[in-house]
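So the sequences go chain by chain: L and X.
Mapping of the first sequence onto numbering that gives the first Met the number 0: residues 0 to 79, in sequence order.
Mapping of the second sequence onto numbering that gives the first Met the number 0: residues 0 to 156, in sequence order.
The beta-carbon is built from N, C-alpha and C at its ideal position, and this holds for glycine as well.
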Amino acid sequence: MRVLLFGPLQDVAGWRERTLASPPPSLAALKAALRRDDLALGQALDRPGVQTAVDKAIVRGDIPLSADAEVAFLPPMSGG
Amino acid sequence: MRLQSEPFAPGDLLAAFCKGRRDVGAVVSFTGLVRGDDETVQALELEAYAGFTDLEIGRMADAAAERHGLIDVLIVHRVGRLPPGEPIVFVATAAPHRRAAFEAADQLMDYLKSRAPFWKKSHEADGARWIEPRPEDYLDAARWDDAPAPASLKDRR
Numbered sequence: 000m001r002v003l004l005f006g007p008l009q010d011v012a013g014w015r016e017r018t019l020a021s022p023p024p025s026l027a028a029l030k031a032a033l034r035r036d037d038l039a040l041g042q043a044l045d046r047p048g049v050q051t052a053v054d055k056a057i058v059r060g061d062i063p064l065s066a067d068a069e070v071a072f073l074p075p076m077s078g079g
Numbered sequence: 000m001r002l003q004s005e006p007f008a009p010g011d012l013l014a015a016f017c018k019g020r021r022d023v024g025a026v027v028s029f030t031g032l033v034r035g036d037d038e039t040v041q042a043l044e045l046e047a048y049a050g051f052t053d054l055e056i057g058r059m060a061d062a063a064a065e066r067h068g069l070i071d072v073l074i075v076h077r078v079g080r081l082p083p084g085e086p087i088v089f090v091a092t093a094a095p096h097r098r099a100a101f102e103a104a105d106q107l108m109d110y111l112k113s114r115a116p117f118w119k120k121s122h123e124a125d126g127a128r129w130i131e132p133r134p135e136d137y138l139d140a141a142r143w144d145d146a147p148a149p150a151s152l153k154d155r156r
């Protein structure tokens, strides 16, 4: 599973992309794992306006994740 | 639409866009440059999500083309670190008549400046900061929404 952070989330976490060797089975489990690892990132992911894309499509709520999913966390977009 | 880090020559894009057309009476193009408001801005850094950002913008371009009856549309947007003065975005619209071409280009730029999936950082002498759209950018984009414009917006226009 690949996890991607965009915009200010990268500054919070100190990384942009990470491959997880043991992929969590759901989006909620992934967020919980990221939060356990880095509380500041966990809090940043829960801020209003942060959207989640799984395999490049926006998703809402909790969904199951496949082991090879690409999960991207998208903070409020700035326009170009 | 395409995302690219390399600079582009707006004139070349426009010439290629116009070439060989017989069914088009109007082409409107817009070129946006990186604005350095003052001496402190050293560069803008544009981040996109390849495969997502381009798809979203392409979808918006298709919707604008249908709404305004365009014959063609081209959007080129740069990503990466861009110094002031360089072109950052190019939009061209082609339509049978001018009104549709003007309005479609206007709508697409309002969308690109406020809602398009980019993240933008300003590199300044005393550090870098993430920037968000100005309130006017959201209002401009809302002009094209299907919902009736809010009263504050009508007053403004």
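Across the set 45/X, 102/X, 18/X, 115/X, the C-alpha of 45/X shows the shortest separation from the C-alpha of residue 5/X. Between residue 113/X and chain L, the shortest Cβ-Cβ separation is below 7 Å.
Not a single C-beta of chain X is nearer than 7 Å to the C-beta of residue 47/L. The shortest C-alpha to C-alpha distance from residue 7/X to any of 21/X, 32/X, 98/X, 103/X is the one to 32/X.
Residue 77/L counts as buried, since at least 16 other C-beta atoms from the protein chains shown sit within 10 angstroms of its C-beta. Within the stretch 23-62 of chain X, the complete beta strand (DSSP E) runs of at least 3 residues fall at 25-32, 40-47. With respect to the 7 Å criterion, residue 27/X and residue 70/X are not classified as neighbours on the basis of their beta carbons. Residues of the stretch 58-87 of chain X with a Cβ closer than 7 Å to any Cβ of chain L, in chain order: 76, 87.
Contact annotation for residue 55/L against chain X: 48, 50, 51, 54 [CB-CB distance below 8 Å, chain order]. For residue 39/L, same chain residues with a beta-carbon under 7 Å away, outside a window of 5 residues either side, are 11 in chain order. Segment contact: the stretch 65-79 of chain L against the stretch 39-53 of chain L, three or more CB-CB distances shorter than 8 Å; contact assigned. Contact of residue 131/X with chain L by beta-carbon distance below 8 Å involves 75, 77.
If you draw a 10 Å sphere on the C-beta of residue 3/X, you find fewer than 16 other C-beta atoms in it, and that means exposed.
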